[in-house]
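A.B. asks:
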Amino acid sequence: MAARIDPFTEMERLLTSALPTARTATSMPMDLLREGDHYVMSVDLPGVDPGTIDVSVEDRTLTVRAERSARSSSADWLVRERPSGTFARQLTVGRGLALDKISASYADGVLSLTIPVSEDAKPRKIEVSHAGTASQISPAHAVEA
1 MAARIDPFTE
11 MERLLTSALP
21 TARTATSMPM
31 DLLREGDHYV
41 MSVDLPGVDP
51 GTIDVSVEDR
61 TLTVRAERSA
71 RSSSADWLVR
81 ERPSGTFARQ
91 LTVGRGLALD
101 KISASYADGV
111 LSLTIPVSED
121 AKPRKIEVSH
131 AGTASQISPA
141 HAVEA
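Just so you know, we're using full-length UniProt numbering here: the sequence shown kicks off at 1 and counts up by one.
1. For a test of the three-state rule: what should DSSP assign to ASP76, helix, strand or coil?
2. If we ignore side chains and look at the alpha-carbon of each, how far apart do THR24 and ASP120 end up?
3. What's the call for THR21, buried or exposed, on a 16-neighbour Cβ count within 10 Å?
4. Rounded to whole angstroms, what is the Cα-Cα separation between MET30 and ALA104?
5. Where does ARG60 land, buried or exposed, given buried means 16+ other C-beta within 10 angstroms?
6. Alpha carbon to alpha carbon, how far is ARG80 from VAL110? Give it in angstroms, no decimals.
7. Would you kindly report the start and end of the unbroken beta strand (DSSP E) that includes ALA98?
8. Quick one: Cα of VAL55 to Cα of LYS125, how far?
9. If we ignore side chains and look at the alpha-carbon of each, how far apart do ILE53 and THR114 end up?
10. Out of SER74, ALA75, LEU62 and THR86, state which residue places its alpha-carbon closest to the alpha-carbon of MET41.
11. Going by other Cβ atoms of all chains shown within 10 Å of its Cβ, with 16 needed for buried, is ARG89 buried or exposed?
12. Assign GLY47 to one of three DSSP states: helix, strand, or coil.
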């Protein structure tokens with residue numbers, strides 16, 4: 001029987017074990033979805049002090065930073081899987097978002113960002129005006145001309 005290998009899972013496993021910065025994405029898992037005229041980004045940040053959460057936008061880059069304090073290191077750890085320290089996640093956002101109107105809330109270990117679509121990017125109907133009274137050409141006249 002052939003073994004099935006997922007190259008993306010293997011690559012993530014290798015990067016996570018080799019590079020400490022590769023753990024950042026898995027330490028801050030997120031969901032991003034669109035609901036009507038705004039996007040909702042939910043970032044899991046359990047155990048983070050809400051005072052350490054920083055959300056900023058510079059140019060077209062949205063950055064979320066937070067810090068989880070480490071417990072006493074003098075203890076005899078049996079299992080230590082929850083990372084501590086400062087975590088950051090950056091997303092390059094496209095045009096058409098109202099970045100100056102982003103709102104954020106933190107509840108039950110989840111940071112929620114609401115990112116509205118800008119008024120310029122929203123679909124709109126353009127009315128076509130009709131100037132004057134133009135006579136229509138009937139199919140019979142079109143053939144004779």
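No residue lacks a Cβ here, since even glycine has one placed at the ideal position from N, Cα and C.
C.D. replies: With the structure as the only source:
1. coil
2. Note on THR24: pLDDT 44, under 50, position unreliable in the model; no value is reported.
3. Caution applies to THR21, whose pLDDT of 48 falls short of 50 and renders its modelled position unreliable; the value that the coordinates give is listed next. The residue is exposed, with fewer than 16 neighbouring Cβ atoms inside 10 Å.
4. 14 Å
5. exposed
6. 22 Å
7. Where ALA98 is concerned, there is no enclosing beta strand (DSSP E), given that its DSSP letter is neither H nor E.
8. 35 Å
9. 16 Å
10. LEU62
11. buried
12. coil
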